[in-house]
Structure formats: C-alpha cells, structure tokens
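Peer 1:
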Amino acid sequence: MDLLSLLAFGDTGWGDELARGLMVTLALAFVTAPLALILSFLLAWAKNSNSRLLRGFANGYTTVFRSLPELLTLIIIYYQLQIILNALARLVWADANISLNAFVSGVVALTLVFSALGGEVVRSAYQAVSKGQSEAAMALGLKRRHVFFRVVLPQMWRHCIPAFGNLWLILLKDTSLVSIIAVNDLVRYANRAIATTKEPFFFYTVLAVIFVTLAFLSGQVQRVLERRTSANLGGR
1149 MDLLSLLAFG DTGWGDELAR GLMVTLALAF VTAPLALILS FLLAWAKNSN
1199 SRLLRGFANG YTTVFRSLPE LLTLIIIYYQ LQIILNALAR LVWADANISL
1249 NAFVSGVVAL TLVFSALGGE VVRSAYQAVS KGQSEAAMAL GLKRRHVFFR
1299 VVLPQMWRHC IPAFGNLWLI LLKDTSLVSI IAVNDLVRYA NRAIATTKEP
1349 FFFYTVLAVI FVTLAFLSGQ VQRVLERRTS ANLGGR
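In the working numbering, the protein residues as written are 1149 to 1384.
Here it is as structure tokens:
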C-alpha cells in the first residue's frame, strides 16, 4: 500500500479527518491564547495591588495551577466542575442539569493553566521596566492610565514576547491532551487512523511534521513581532 494514499481526501484516505482535527487544534489554541493573555495581565495587576485579598487570591491561583499537571487540571474541569455547577444550580432549580461541552472544558482548563504561567511573565516584565520612566511621564502631566499604555506597556511587551512565544508553543502541544475527553482534535483523528490502518509509525510521523511546522511558523511570527517592537522603541 502506498502510505501517502492514506492522506488522501475522501473515502480512500484520512486527509480530510486530519484537516478537521487540525482546525479543532488551532481553534482550541487561538481561543485559549487571548483569554489566557487577558487573565495574565489581571493576575499581574492583582499581585501588584495594595489589596492583601487580591494579592492572596492571585498568589494562590498561580501556585495551584502552576503546580497541577495540565492533564489533571483538564480531568478535574471536565468531570468535577460539571458536578459542582449542577450542585449549585440545583440549589435554585431542582431539575437543573448542566452539561459541559468537551471543547469548552478544554479551553477553560488550558486557560487556567496558561494564565497562571502568563501572570508570572507579565509581573516579571512589569518589574523590568524602570520606575523612573513612569515617574518622569507623570511629572510631565500624563495621567496614570496614559503612562501605562504609552510608556510602560510597550516596554513590557518587548520583555513579554519571548516568554509568551514559548508559552504559545507549549499551548500548541498541550492541545493534544483534549483528545482524552473526546474532543475530535488532530491527535484523536490520528489515533483513529492508526486503529484502522495499523500504521502507527506513519501517522505519528505525520503528527510530528505538523507540530514542527506549526512551531516553525510560530517562531517566524515571534521574530517579526520582536523586530517591530524593537523598531517602535527605537532599538532601546
């Protein structure tokens, strides 16, 4: 059998299934990334807050979700969160029945993990920006929010890009975990193909090529962002 024919589209090959799985994998990553990014900034803000309650919550959040394996977090969200939500809902409505979509569970679990990691990235980037620049900008009459968005954030972003680039690559790889909760992602379709064709080496090689290609393209985008950020900051 010609192995490449296994990648054909239609009834004779698995190309269309793998393409659908790739779209699900990318959708999972592209939905999770902005949510995790927003939460990362909120967590960093909370850690630098004057409120002991906010600092305690943010520190506890990052400690828990940086410590738990991603797979365990995914299982807890998919199985246990559904039970908790139903228990709470039935306090209001006895017949309530909440069912969590597997894709949504994957997004929630990965967002929790990567926002905890990203929060530390943002906090470190914020501390890397000299406070003297903020004080100088405020002395010129800029409001605090303008100082942050015009002076602090652009310099923070330069420090964040390499670390967020690494987190993005980890996120792409960790999307494969959702296959265990019946999300039809790239890995799940590949496993179906292997079970049918008995060609594990071929399909795992295809998976490896796809993920390496995604990593290569992501690296190119990261380099473009780094160059543009350095240019906007005048090479500082």
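By construction, the Cβ of each residue, glycine as well, lies at the ideal position given by its N, Cα and C atoms. Since this is a predicted model, take the numbers as computed values, not measurements.
1. Nearest-angstrom Cα distance between THR1259 and LEU1265?
2. Ordered along the chain, which non-local residues of its own chain (more than five positions away) have a Cβ less than 7 Å from that of LEU1288?
3. Would you list, in sequence order, the uninterrupted beta strand (DSSP E) runs of no fewer than 3 residues that lie entirely inside the stretch 1195 to 1250?
4. PHE1189 to VAL1326, Cα distance in whole Å?
5. Can you tell me which of ILE1186, LEU1185, ILE1328 puts its alpha carbon nearest to the alpha carbon of ILE1225?
6. The alpha helix (DSSP H) with THR1345 in it runs from where to where?
7. I'd like to know if the stretch 1225 to 1242 and the stretch 1304 to 1317 are in contact, where contact means that at least 3 CB-CB pairs between them fall below 8 Å.
8. Between the C-alpha atoms of TRP1305 and GLN1281, what's the straight-line distance to the nearest angstrom?
9. Mind checking which residues open and close the alpha helix (DSSP H) that includes ALA1156?
10. Out of LEU1362, VAL1372, ALA1379, TYR1337, point me to the one whose CA is closest to GLY1161's CA.
11. Apart from the five residues just before and just after THR1180, which ones in its own chain have a Cβ nearer than 7 Å to its Cβ?
12. Does LYS1321 come out as helix, strand or coil in the three-state DSSP assignment?
13. Count the other CB atoms within 10 Å of the CB of ALA1194; is the residue buried (16 or more) or exposed (fewer)?
14. In the DSSP assignment, find the unbroken alpha helix (DSSP H) run with SER1327 in it and report its ends.
15. Under 7 Å Cβ to Cβ from ALA1276, same chain only, skipping five residues before and after it: list those, please.
Peer 2: Inspection of the coordinates gives the following:
1. 10 Å
2. Within the same chain, no Cβ atom closer than 7 Å to the Cβ of LEU1288 is found once the five residues on either side in sequence are excluded.
3. none
4. 26 Å
5. ILE1328
6. 1334 to 1345
7. no
8. 15 Å
9. Where ALA1156 is concerned, there is no enclosing alpha helix (DSSP H), given that its DSSP letter is neither H nor E.
10. Comparing Cα positions, the closest option is TYR1337.
11. VAL1255, LEU1258, THR1259, PHE1262, LEU1319
12. helix
13. buried
14. Counting along the chain, SER1327 falls outside any alpha helix (DSSP H), and DSSP gives it neither H nor E.
15. Counting only Cβ-Cβ distances below 7 Å, and skipping sequence neighbours, we find HIS1307.
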